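Quick note: the sequence shown uses the numbering used here, first residue 2, plus one each step.
Virtual Cβ for every residue (Gly too), placed ideally from N, Cα, C.
All of these numbers come straight from a predicted model, not from anything done at the bench.
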Amino acid sequence: MSVEHIYNLDQRVGSVEDPLHSVAGTNTETMSLWIPSERVGLHWVDIPSAPQRKWAELIPWMLEDRILQPIEEMHFVVAGRSNSQLQILAVSHQDMKEWRRIADNAGVTAIAMVPDFMALHWEPGIISVGWREGMLLVRQSQNTGFAAEPNVGWTILESLVQDSSQAPRLSLSVPDLNMVPKQLTQDANINSSVIDWHFSHFDPSLNLMTGAFKPAPKQTILSFWWPVAAAACLLLALWVGYLQTANRALEFEVAGLQQNVLANYTRLFSGSKPSLQTLKATGESQVDQLFKQQQSLQGQPMAALLALDKIMAGCQCELEGFSANQDGLNLTLRGGAELAKKSLAMKGYQFSLNQDKAAGSDIFLLSVTGLKNQGSGR
2 MSVEHIYNLD QRVGSVEDPL HSVAGTNTET MSLWIPSERV GLHWVDIPSA
52 PQRKWAELIP WMLEDRILQP IEEMHFVVAG RSNSQLQILA VSHQDMKEWR
102 RIADNAGVTA IAMVPDFMAL HWEPGIISVG WREGMLLVRQ SQNTGFAAEP
152 NVGWTILESL VQDSSQAPRL SLSVPDLNMV PKQLTQDANI NSSVIDWHFS
202 HFDPSLNLMT GAFKPAPKQT ILSFWWPVAA AACLLLALWV GYLQTANRAL
252 EFEVAGLQQN VLANYTRLFS GSKPSLQTLK ATGESQVDQL FKQQQSLQGQ
302 PMAALLALDK IMAGCQCELE GFSANQDGLN LTLRGGAELA KKSLAMKGYQ
352 FSLNQDKAAG SDIFLLSVTG LKNQGSGR
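Take a look at the structure:
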């Protein structure tokens, strides 16, 4: 996990080779950030007697008299607790928004923000003092510390040493020994080392990014597609359920129709009551017979005979003879003179009407041949 001080993020923006290219909003890297301790208030309050789920509502009012800004403009975090008190960190909403804006402009997603005094090393009985660009950082216990300008910070530090029942040892890391008051240099460990923000221990227990400022999870391809996949799975499940329900309803409907058919059959026909299987077999047989009849009507010579229906209407003739085969029909007609006046033409058939002079002047021979049959014959 990358760790950096909020004040060093501007170096990421300045390192971009193309001045017209901005990394703002890219969020290419997640980081935990040290933030200036002088912008964070550290308070101790008595543990409320109310249930813990209501502490978030009560703590702002418990600190109202200690905070200069309106409490509705402040963000509160419970950082720790003792037997009787809670440790509260207070920071303004404006500062939290500003720090997130700085991180976003540097192309960074902030996942944690901790006061920078926590970057100092700490051991029981030792007060650690560090230096950050004109500010004095002090860490006096595991979770307590502060940051202040030197003229104020040294005074506060002297008060801490004097008020202690057992004088603590001091570990001072400052760029110039002369800036340390003489009364604090006695028995103090003084060096000129600087704080390494990248490798200092980062304790997320004091993370300010909670509640409304909790970091949003980083968007990935999976996070974009899983709602679509979930919706597709839900739609598929609903579709399967619908099919099963519709199939079950259809089965009930078929069963009801079968019982209705059986009841009607019993009312219409006397005798023993048949089974549903028997009625089903009989019905399928009748349907099969109807299909066969339909096929026979579409085949020759029945199709040719049906085709003559419109032509023979009003012919004022009588049928004397009839013969048929797979190729067509041959009809012998008495009084077919009216047919000779008609246009004997119909799609798919060829007609031939001739007078049989040997049989008589009013005897005609009508031949009907299917064109498809003729073509197949050749």
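Item	Value
Alpha carbons only, please: which of Asp357, Ser172, Val288 is nearest the one belonging to Ser193?	Ser172
Less than 7 angstroms between the beta carbons of Val139 and Gly146, yes or no?	yes
Given a cut-off of 7 angstroms on the beta-carbon distance, is the pair Leu330 and Leu340 in contact?	no
So, under 8 angstroms CB-CB, Trp198 and Ala120 are touching, yes? Tell me the CB distance rounded to an integer number of Å.	6 angstroms
Ordered along the chain, which non-local residues of its own chain (more than five positions away) have a Cβ less than 7 angstroms from that of Arg379?	Low confidence applies to Arg379: its pLDDT is 35, below 50, so where it sits in the model is not reliable, and the reading given next is rough at best. Nothing listed; no residue qualifies.
Where does Phe200 sit, in a helix, a strand or coil, going by DSSP?	coil
Compare the beta carbon distance of Asp328 and Thr370 with 7 angstroms and say whether it is the shorter of the two.	yes
Which residue from Ala232, Ala111, Ser273 puts its Cα closest to that of Leu209?	Ala111
What did DSSP end up calling Asp289 once you bin it into helix, strand or coil?	helix
State the Cα-Cα distance for the pair Arg249 and Gln290, rounded to the nearest angstrom.	31 angstroms
Taking the straight line between their C-alpha atoms, what separation do you get for Leu367 and Gln351?	11 angstroms
Quick check on Gly257: does DSSP put it in helix, strand or coil?	helix
For Ser276, does the count of other Cβ atoms within 10 angstroms reach 16, so buried, or fall short, so exposed?	exposed
Compare the beta carbon distance of Glu74 and His94 with 7 angstroms and say whether it is the shorter of the two.	yes
Please state whether the Cβ-Cβ distance between Thr211 and Val78 is less than 7 angstroms.	yes
Kindly indicate which three-state DSSP category Met210 falls into: helix, strand or coil?	coil
Look at the alpha carbon of Ala359 and the alpha carbon of Phe365, and state the distance between them as a whole number of angstroms.	10 angstroms
Could you check whether the segment 118–134 touches the segment 237–245, counting it as contact only if at least three pairs of C-beta atoms, one from each stretch, sit closer than 8 angstroms?	no
Select from Arg335, Lys348, Arg101 the residue whose C-alpha is nearest the C-alpha of Gln356.	Arg335
Please go through the same chain and pick out, in chain order, the residues whose beta-carbon is closer than 6 angstroms to the beta-carbon of Gly42, but skip the five residues on each side of it.	Ala91
Going along the chain, which residues of its own chain have a beta-carbon closer than 7 angstroms to the beta-carbon of Leu320, five neighbours each way excluded?	Leu332, Leu334
Put Ser33 into one of helix, strand or coil per three-state DSSP.	strand
According to the neighbour-count rule (16 or more other Cβ atoms, all chains shown, within 10 Å of its Cβ), is Trp35 buried or exposed?	buried
Measuring straight from C-alpha to C-alpha, what distance separates Ala256 and Ala247?	14 angstroms
Measuring straight from C-alpha to C-alpha, what distance separates Pro213 and Asp96?	It should be pointed out that residue 213 corresponds to Ala in this sequence rather than to Pro. Straight-line Cα distance between these residues: approximately 13 angstroms.
Based on the DSSP output, what are the partners of Thr333 in its beta bridges?	Gly322, Leu366
Is Ser276 helix, strand or coil when you go by DSSP?	coil
With DSSP as the reference, please indicate the residues paired to Tyr350 in a beta bridge.	Met347, Gly371
Buried or exposed for Trp227, going by 16 or more other Cβ atoms inside 10 Å?	exposed
In whole angstroms, what is the alpha-carbon distance linking Val115 and Asp188?	31 angstroms
Applying the criterion that 16 or more other CB atoms from any shown protein chain within 10 Å of the CB defines a buried residue, is Ala104 buried or exposed?	buried
Nearest to Ala113 by alpha carbon, out of Ala217, Pro49, Leu244, Glu150?	Ala217
Got a sec? Which residues, its chain only, sit under 8 angstroms from Glu134 by beta carbon, not counting five neighbours each side?	Tyr8
Give every residue of the same chain whose Cβ lies closer than 7 angstroms to the Cβ of Gln141, excluding the five residues on either side of it in the sequence, and list them in chain order.	Ile128, Leu161
How about Gln184: is its C-beta nearer than 7 angstroms to some C-beta of chain D?	No chain D appears in this structure, which consists of one protein chain only.
Tell me, which residues are paired with Trp45 by DSSP?	Gln88
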